[in-house]
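*Asks:*
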Amino acid sequence: MEEILNNTTETTYDVVVVGAGAAGLMAAGTAARNGAKVLLLEKMEKPARKVRITGKGRCNLTNARGEEEFAENIRTNIEFLKIAFAEFSNRATMRFFERMGVKLRTERGERVFPESGKAADVANALEFYCRDYDVEIQCNTRVSEVLTLGGKVYGVKYFNKRGYERKVEAPNVIIATGGVSYPRTGSTGDGYMFADAVGHTVEPLRPSLTPLVTSHPQAQYIRDVLLRNVNVKLCIDGEVVREEFGEISFSDRGIEGATTLRLSRDAVDALLEERSVKLVLDLKPALTEEILRERIKREVADMQPEELFAELVRRLVPKPLVVPLCKELDVHSRLYISKVTEAEFERLIKVLKGWSFPISDYASFDYAVVTAGGVNCAEVNEYTMESKLVKGLYFAGEVLDIDANTGGYNLQIAFSTGHLAGLLKK
Ligand SMILES: Cc1cc2nc3c(=O)[nH]c(=O)nc-3n(C[C@H](O)[C@H](O)[C@H](O)COP(=O)(O)OP(=O)(O)OC[C@H]3O[C@@H](n4cnc5c(N)ncnc54)[C@H](O)[C@@H]3O)c2cc1C
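Counted the way the working numbering counts, the sequence shown spans residues 1 to 426.
1) Please tell me whether GLY422 and ASN34 are closer than 9 Å, where the distance is taken between their beta carbons.
2) Buried or exposed: SER276, going by 16 or more other Cβ atoms within 10 Å of its Cβ?
3) Please tell me whether, using a cut-off of 8 Å, the distance from the CB of ASP190 to the nearest non-hydrogen atom of ligand 1 is below it.
4) What residues in its chain sit with their C-beta under 8 Å from that of LEU5, if we drop five residues either side in the sequence?
5) Return yes when the C-beta of ASN90 is under 8 Å from any heavy atom of ligand 1, and no when it is not.
6) Report, in whole angstroms, the separation of the C-beta atoms of PRO445 and SER364, which I expect to be a contact under 8 Å.
7) Can you tell which of TYR394, THR371, ASP237 has its C-alpha closest to the C-alpha of PRO358?
8) Less than 8 Å between the CB atoms is what I'm expecting for VAL173 and VAL146, so what's the real figure, rounded?
9) Quick check on the DSSP output: the beta strand (DSSP E) that includes CYS130 runs from which residue to which?
10) Using CA coordinates, which residue listed in GLU68, THR201, GLY163 is at the minimum distance from THR141?
11) By Cβ distance, which residues of its chain are closer than 6 Å to VAL225, with the 5 residues on each side in sequence left out?
12) Three or more beta-carbon pairs under 8 Å between the segment 10-30 and the segment 113-128, yes or no?
13) Considering only heavy atoms of ligand 1, does any lie closer than 8 Å to the CB of ILE413?
14) Taking only three categories from DSSP, how would you classify LEU411?
15) Any chance the CB of ILE53 is under 8 Å from a heavy atom of ligand 1?
16) Going by DSSP in three states, GLU274 sits in which element: helix, strand or coil?
17) Give me the residue from VAL213, LYS426, LEU263 with the minimum Cα distance to ASN405.
18) Beta strand (DSSP E) containing ILE255: first to last residue?
19) If you measure from the CB of GLY418, is any heavy atom of ligand 1 nearer than 8 Å?
20) For PRO324, which beta-bridge partners are listed by DSSP?
21) If we ignore side chains and look at the alpha-carbon of each, how far apart do ILE175 and VAL369 end up?
22) Is any heavy atom of ligand 1 found at a distance shorter than 8 Å from the C-beta of LEU41?
23) What would DSSP say about GLY155, mapped onto helix, strand or coil?
24) Beta-carbon within less than 7 Å of ASN90's beta-carbon, same chain only, minus the 5 sequence neighbours each way: which residues are those?
25) Using C-beta distances below 6 Å, list every residue in its chain close to ALA31, excluding the 5 sequence neighbours before and after it, in chain order.
26) What does the Cβ neighbour count give for ALA378, buried or exposed, with the cut at 16 atoms within 10 Å?
27) What are the boundary residues of the beta strand (DSSP E) that ALA363 is part of?
28) Tell me whether PRO47, by its Cβ, gets closer than 8 Å to a heavy atom of ligand 1.
29) Measure the CB-CB distance between ASP401 and THR76 and report whether it falls below 9 Å.
30) Alpha carbon to alpha carbon, how far is ILE248 from GLU2? Give it in angstroms, no decimals.
31) Is ASN410 close to ligand 1? I mean its beta-carbon at under 8 Å from any heavy atom of the ligand.
32) Going by the DSSP bridge assignment, what does GLN138 pair with across the sheet?
33) Near ASP361, which residues of its chain fall below 6 Å by C-beta distance, leaving aside the five closest residues on each side in sequence?
34) Whole angstroms are fine: how far does the CA of ALA36 sit from the CA of THR259?
35) Along the alpha helix (DSSP H) that carries ILE83, what are the first and last residues, could you check?
36) Just to confirm, are LYS388 and VAL399 a CB contact at a threshold of 9 Å?
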């Protein structure tokens, strides 16, 4: 075994980058562009598996909002991130990809996508950046240990594609192994293990931007429904703590859609503290209760007495919601409209303006877009991304305790921190 371990790769490298995701590719390419000899080790069969599925295959690669609004969407350690962002901002990301031949388009909410609508174009551009500057990329190679001696890093041990353990020496190692969400893309949390082994604190990991599971009895009947223009309030222990406007959807994983994902981070933390959590949906946010009451009166006046209550509800909400909504109101969907009481119309208004869904759980890391928690930022130099505990050891991307809302912010975190780590001194 010792013999196998001693079989150090002959080439000498200035930097070994662990993980060829968004952060690792950016770090490796940047280091190589600055003249470093770089080895990039990736455990999956090809680089950037996660980037290829981002933004539903379209990759929302950054967000074009101004600095202040951008910062408001970063949920942890914004002060730490600011230096990396100043060095490589959202504008720099856009320029970078345009220069790499990826034309971009900015959509609603200042979200930036490749014009082609193909996430693969972003992944390929990052890989090309590395290859262009002669980064040596080894896939099917899982790093198993970061080697340190006397407070300095000197290389890594890894399993090569044939399953043999090897080591490679280098004075710098960048850990860009991502989080633990969507583990099938390769991010299984190895970086936290490496960090912990050399004395770093890893802040508790929680799924973020993840579907929320409701215990509401009607939810089982609301499946594969996407609702637009909904106002969603997150209530914790009976108090509204956050509000989001936009899309919400119901699937077999739970309640999701951009609004819920954005609220999920606070919801998950509250559930972990065993507090009571609910989502309250306003399905008619553009109408006050008074205007909605008038609208319902007009609809009813327009109907024949023998028409059904369900037909009125159908005029107000999408079809898949009609039966669950009638059940929620405890009014039979086949009741003649002429038989519906004033109190029942009032209940309809109340539920349309505030349908409450108790939240009992959240979907696991398998479905979470990002991981909250990670390597404690206070132990990392924000000007370089170098560990304050181990010389020559750097961190970049989701492995750090930084996470953000949906909208392109998380990839920008990976690009900014990856770029800064790649500027290391050889
Ligand atoms: C479904 C989905 C959609 C998303 N959409 C968006 C979006 O549109 N916009 C946005 O901003 N963000 C989006 N995100 C979040 C974003 O993709 C991540 O925050 C970002 O990819 C993190 O980059 P990273 O390089 O830190 O980690 P990753 O991209 O996870 O890369 C880590 C890499 O390290 C490799 N690795 C791990 N351990 C080892 C090891 N021991 N040895 C060697 N290699 C290893 C992994 O295989 C992986 O390739 C999405 C996430 C998901 C899951």
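We put the CB at the ideal spot given by N, CA and C, even for glycine.
*Replies:* The answer reads as follows:
1) Cβ distance < 9 Å, so GLY422 and ASN34 count as in contact.
2) Result: exposed.
3) ASP190 Cβ: within cutoff of ligand 1.
4) Reliability fails at LEU5, whose pLDDT of 45 lies under 50, so the model's placement of it is uncertain and no value is given.
5) Not so, every heavy atom of ligand 1 lies at least 8 Å from the Cβ.
6) What the structure shows of the chain is the stretch from 1 to 426, and residue 445 is not part of that stretch, so it cannot be assessed.
7) Per the Cα distances, ASP237.
8) That belief holds up - the Cβ atoms of VAL173 and VAL146 are roughly 6 Å apart, short of 8 Å.
9) Premise fails: CYS130 lies in the alpha helix (DSSP H), 119-132, not in any beta strand (DSSP E).
10) When only C-alpha atoms are compared, the closest one is GLY163.
11) Listed in chain order, the non-local C-beta contacts of VAL225 below 6 Å within the same chain comprise PHE250, PRO320, local neighbours out to five positions each way being set aside.
12) Yes, since at least three Cβ pairs between the segment 10-30 and the segment 113-128 fall closer than 8 Å, the two stretches touch.
13) Answer for ILE413: yes, Cβ within range of ligand 1.
14) It is helical.
15) Yes.
16) Here GLU274 carries a coil assignment [DSSP, helix/strand/coil].
17) Of VAL213, LYS426, LEU263, the residue nearest in Cα terms is LEU263.
18) 254-256 is the extent of the beta strand (DSSP E) around ILE255.
19) In terms of side-chain proximity, the C-beta atom of GLY418 is found nearer than 8 Å to a non-hydrogen atom of ligand 1.
20) DSSP output for PRO324 lists no bridge partner at all.
21) As the crow flies, the alpha-carbon of ILE175 is around 20 Å from that of VAL369.
22) LEU41 Cβ: within cutoff of ligand 1.
23) Residue state, collapsed to three classes: strand.
24) The answer, listed in chain order, is THR62, ASN63, ALA64, PHE70, GLN412.
25) The residues are VAL15, VAL38, GLY422.
26) Classification of ALA378: exposed, given that the 10 Å Cβ count is below 16.
27) If you look at ALA363, you'll find it isn't in any beta strand (DSSP E); DSSP assigns it neither H nor E.
28) Proximity of the beta carbon of PRO47 to ligand 1 is indicated: a heavy atom of the ligand is located closer than 8 Å.
29) Pairing ASP401 with THR76 gives a Cβ-Cβ distance under 9 Å.
30) Reliability of the predicted coordinates at GLU2 is poor, the pLDDT of 39 falling under 50, and no value is obtained from them.
31) A heavy atom of ligand 1 is found nearer than 8 Å to the CB of ASN410.
32) Looking at the DSSP assignment, GLN138 forms a beta bridge with LEU41.
33) Once the five neighbours on either side are set aside, the close Cβ partners of ASP361 are VAL213.
34) When the Cα atoms are used, THR259 and ALA36 turn out to be separated by approximately 43 Å.
35) Segment 78-87, the alpha helix (DSSP H) holding ILE83.
36) Not a contact, by the Cβ cut-off of 9 Å.
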